[in-house]
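Counting from 550, one number per residue, gives the positions in the sequence shown under our numbering.
Beta carbons: idealized from backbone N, C-alpha and C, even for Gly.
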Amino acid sequence: MAKIKITIMFISFLIYPFNSFAKQQGAIFLGSPMSGFQYQQDDLRFSLGVKDFGFAFDQMFSVATLLQKPNLEPLYVYLGAQVVDDHKHKVAVRSGIGFQQPFEKIILYAELGPSLYVLEDVDMKLEASVGIKIGF
């Protein structure tokens, strides 16, 4: 029952428009510890895992902007938190680096980074994901 409530709250939050001029993207991703759907508005990203139930919230930063080097535009870093319904690991602080390659209407991306699990079992795991984003 708690999973259903969390999912409904998450979807309701995603439907609410923050800004009509904001850049919005939807994505499907495969990865560890979860695979599922993502919604991104500007530099804020929300993930909902359906393979192993979970959700995550990340702030994304452009490497090109941070280092003032336009040739690094495909790279980004992220920092956030996630909750995963796993028997051993539950809540994590996560960060990482990603690469995205835009095509006509889609963007392919891959990312890799450590997650520090802090409840029930303190552990650090290296996690990765790949996916397809569509802008709207």
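Check: Close-in-space but distant-in-sequence residues of the same chain around F610 (CB under 6 angstroms, 5 per side omitted); Outcome: V626
Check: Complete alpha helix (DSSP H) runs within the region 596-624 (minimum length 4 residues, chain order); Outcome: 612-616
Check: Rounded separation between D546 and K637 - CA only; Outcome: Because the chain in this structure spans residues 550 to 685, residue 546 falls outside the shown range and cannot be described.
Check: Local conformation of S581 per DSSP, three classes; Outcome: coil
Check: Minimum C-alpha distance to F691 - residue among F586, Q590, F648 and A613; Outcome: Here the chain covers residues 550 to 685 and nothing more, so residue 691 does not appear.
Check: Buried or exposed by the 16-neighbour rule on C-beta atoms within 10 Å, applied to M583; Outcome: buried
Check: Residue from E676, S664, L615 and Q649 whose Cα sits closest to the Cα of P623; Outcome: Q649
Check: Distance CB(D634)-CB(F595) smaller than 7 angstroms; Outcome: no
Check: Identity of the residues DSSP links to V667 by a beta bridge; Outcome: Answer by DSSP bridge pairing: none, since V667 is not bridged.
Check: Euclidean distance between Cα positions of G629 and F685; Outcome: 24 angstroms
Check: Close Cβ partners of S535 (< 6 angstroms) along its chain, the five nearest in sequence each way excluded; Outcome: The structure shown does not extend to residue 535, since the chain spans only 550 to 685, so no value can be given for it.
Check: Cβ-based neighbour list, K572, same chain, cut-off 6 angstroms, excluding 5 preceding and 5 following; Outcome: D591
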